[in-house]
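Take a look at the structure below.
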Amino acid sequence: MNLRVRVSMSMILLSIMSLTTTPARAAAAGDVVSAQPTTVYLLPGKLLEVPVNAWHLLYHSTSATGALNTVSGTLLVPKSGYPLGARPIIGYAVGTHGLGDQCAPSVSMSQGQEAELALVSLFLLKGFAVAMTDYEGLGTPGQHTYMAGISQGHAVLDSIRAATRVSGAGLSTRAPVAVMGYSQGGSSAGWAAQLQPSYAPDLRLKGVAAGGVPADLHAVADHLDGGADFGLAAAAGVGFDAAYPELDLEADLNDRGRALLADAADDCVGDLSKLAGLRFSDLSPVDLLNQPKWLARLGENRLGAMAPRVPMFLYHARGDQIIPLAVGSTLRSEYCRAGVNVRWTALPAPDHVTGAIEGGPLAIEWLALRILGLPAFGNC
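Throughout the sequence shown, residue numbering follows mature numbering (1 follows the signal peptide of the UniProt record, and there is no 0), covering -26 to -1, 1 to 354 in sequence.
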């Protein structure tokens, strides 16, 4: 065989190989890493099983700094069929659970200790599927990036994407989608709304309900400083430090601060009360939150600078002692000025938790109407 023939044969073989081998696709946000069937319970002691098909998920998402990461969560799908087309999917963003992996919603649901299942069940009764993220670092290796809104928004959107890719779940990429959350979940829902047009335009988002929203974390931290709920502000410091390593929180703490925050780094929300009454000045010799590096990252994670393209239902307790009503009403004003279709409700609730109880059913009914395609009427 002469050289010309050998070259021709080689080219033919290469052409055949190129047709029969497909390069492996790189991992992408929303991809399912694993989906394991699980059981969720409404009551402790595994006394009342929620009658749904459920999966514990590991899926890819994106960190606050743009890196691919792996997040855990839970997908709940009613066992009955859905008669009105593609089954809707709700991205449900939970409120503060804590910093340790044992605090993750996927853990509490498997143990019958998840209070927010009471609201989630109202979606399930309507036949909707619900994707509940654990957020970055809660239930997976690494520190939970608590209150890093950009990371949380990504995790919510990607939990919905992952839900459509779970074999056997019967969910469509063309399904109507909505997002709901309160407190930490309210921030996450707000960020999901703001990020969706650029980050997840493939999702058919119809509306977002966000309650008790800590839209301006600097303002919330100033409010909590020295108060009974200071532990939440300190936990947010731990979360931001995990999301943005250049903050190097430990280097700016005194010995007491290092010991206290190291101890709190795996606490659940109820344990954070041991930090009640403390101030940031008790933990650090510097004005932590007003350093340029903190101001920059807090500014990046302040809601209101981008306009969501879907209707928004915002609700806030008048007596909220953790997140001042003014923080929520400012977000409402900023969205209204940007032309967002906002429905705002100031609830008579006397405190933060009661706001979730009073506002949750209102938010669920409002979202159900958006899923059904009914027009939303704002009150800007």
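Each residue gets a CB set at the ideal place from its N, CA and C atoms; glycine is no exception.
For the pair A202 and V301, the CB atoms are not nearer than the 7 Å cut-off.
Residue ranges of uninterrupted alpha helix (DSSP H) with 4 or more members, entirely inside the region 100 to 170 and ordered along the chain, are 123 to 137. Approximately 7 Å separates the beta-carbon atoms of V212 and Y120; this is inside 8 Å, confirming the contact.
DSSP places F287 in the uninterrupted beta strand (DSSP E) bounded by M286 to A291.
Look at S54 here: in three-state DSSP terms it is coil, with no helix or strand label. For a cut-off of 8 Å, the C-beta gap from A291 to G186 is around 7 Å, short enough to register as a contact. Three or more beta-carbon pairs separated by less than 8 Å are not found between the region 8 to 16 and the region 37 to 44, which leaves the two stretches without contact.
R311 and G123 have their alpha carbons spaced roughly 22 Å apart.
Remark: fewer than three beta-carbon pairs, one from each stretch, lie closer than 8 Å, so the region 319 to 330 and the region 247 to 266 are not flagged as touching. When only Cα atoms are considered, A279 and E308 end up about 8 Å apart. As summarised for the region 18 to 91, the continuous beta strand (DSSP E) elements at least 3 residues long and confined to that stretch are 26 to 36, 42 to 52 and 63 to 67, given in chain order. Counting the other Cβ atoms within 10 Å of the Cβ of D261 gives fewer than 16, which makes it exposed. Closest in alpha carbon position to L31, among L179, L96 and V130, is V130.
For R253, the three-state secondary structure derived from DSSP is coil. Here Y218 carries a coil assignment [DSSP, helix/strand/coil]. Within the same chain, W29, L31 and V140 come within 6 Å of A9 by CB-CB distance, once the 5 residues on both sides are set aside.
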